[in-house]
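First comes the structure, then the notes that go with it.
Residue numbers (my numbering): 91 to 345.
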């Protein structure tokens, strides 16, 4: 069973250091207690690891499996660690996964200017059409878009939003939410508490409330990444409710 795995820096999970391309095996398996863990839904790894300070990879369960009921987390007696993913690749994998899942449940759209909305808990919405609009008010919702100029908004706590389209806008007012964008010229807005946002596209902008964590990327004239930086909005060095971009390796207010 294929899935995704998150780690602390150095590919460390539960005190164990993993390596890309290697296989590991153990005798016992009980989800959250023993065995090797992964999630079939890439966004679910964010329930256990922060977006801004973690590493990600593909993974495959090859042994006995024990499942968690609340999300797609599983434990296995044997795991193969796949390709390590950059944050951009992780965002794209998340978007593609939700597009596939939602297509089977008819909660996806591939048409231009499409509109999807949900008020139920643990909802999943996905769109691949340009200028689409996705909105959710339910807790633990997951929204994803790959279309350019799309808009994603969530008011539910602990929601996860991901976008790979250019010129997209993501906004969340729910607490403990996580937003990620890899599309160029995109904007992320964090209005909830204890939330995390990462905008790693070219000319990305981000703003949020005090206490939230933000991440931006900077590129050179040839569009090669030269800096990725994270910071907590403290109200002093980084002001709340203020748009920031990354310039010369430093957060700079957008005038």
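By construction, the Cβ of each residue, glycine as well, lies at the ideal position given by its N, Cα and C atoms.
Asked	Found
Same chain, Cβ closer than 8 angstroms to residue 164, neighbours up to 5 away in sequence not counted	91, 93, 121, 127, 128, 129, 130, 151, 155, 156, 157 and 158
Range covered by the beta strand (DSSP E) that runs through residue 303	303-309
Unbroken stretches of the alpha helix (DSSP H), 4 residues or longer, contained in the region 198-250	none
Nonlocal neighbours in the same chain, by C-beta distance under 7 angstroms from residue 218, ignoring five residues either side	189, 200, 236 and 237
Sequence-distant residues of its chain with Cβ nearer than 6 angstroms to residue 146 (five each side left out)	96, 175 and 180
Three-way DSSP call (helix, strand, coil) for residue 286 in this model	strand
Meets three-Cβ-pair contact criterion under 8 angstroms: the region 203-215 and the region 261-278	no
Rounded distance between the beta-carbons of residue 307 and residue 290, thought under 8 angstroms	4 angstroms
Identity of the residue in 141, 246 and 271 nearest residue 185 by Cα	271
Cβ pair residue 246, residue 231 closer than 8 angstroms	yes
Start-to-end residues for the beta strand (DSSP E) that takes in residue 292	Note, residue 292: premise wrong, no beta strand (DSSP E); not H, not E.
8 angstroms Cβ cutoff met for residue 300 and residue 325	yes
8 angstroms Cβ cutoff met for residue 183 and residue 170	no
Proximity to residue 140 [Cα-Cα], best of 153, 116, 250 and 225	250
Separation of residue 202 from residue 104, as counted between CA atoms	44 angstroms
Proximity below 8 angstroms, CB of residue 285 to CB of residue 258	no
Residue 140 - DSSP class collapsed to helix/strand/coil	coil
Boundaries (first-last residue) of the beta strand (DSSP E) holding residue 95	92-97
Limits of the unbroken beta strand (DSSP E) element including residue 129	126-129
Sub-8 angstroms separation of residue 295 and residue 330 beta-carbons	no
Pair within 8 angstroms by beta-carbon distance, residue 207 and residue 225	yes
C-alpha distance - residue 314 paired with residue 292, whole-angstrom precision	9 angstroms
Reference residue 274; option with closest CA among 244, 135, 309 and 191	309
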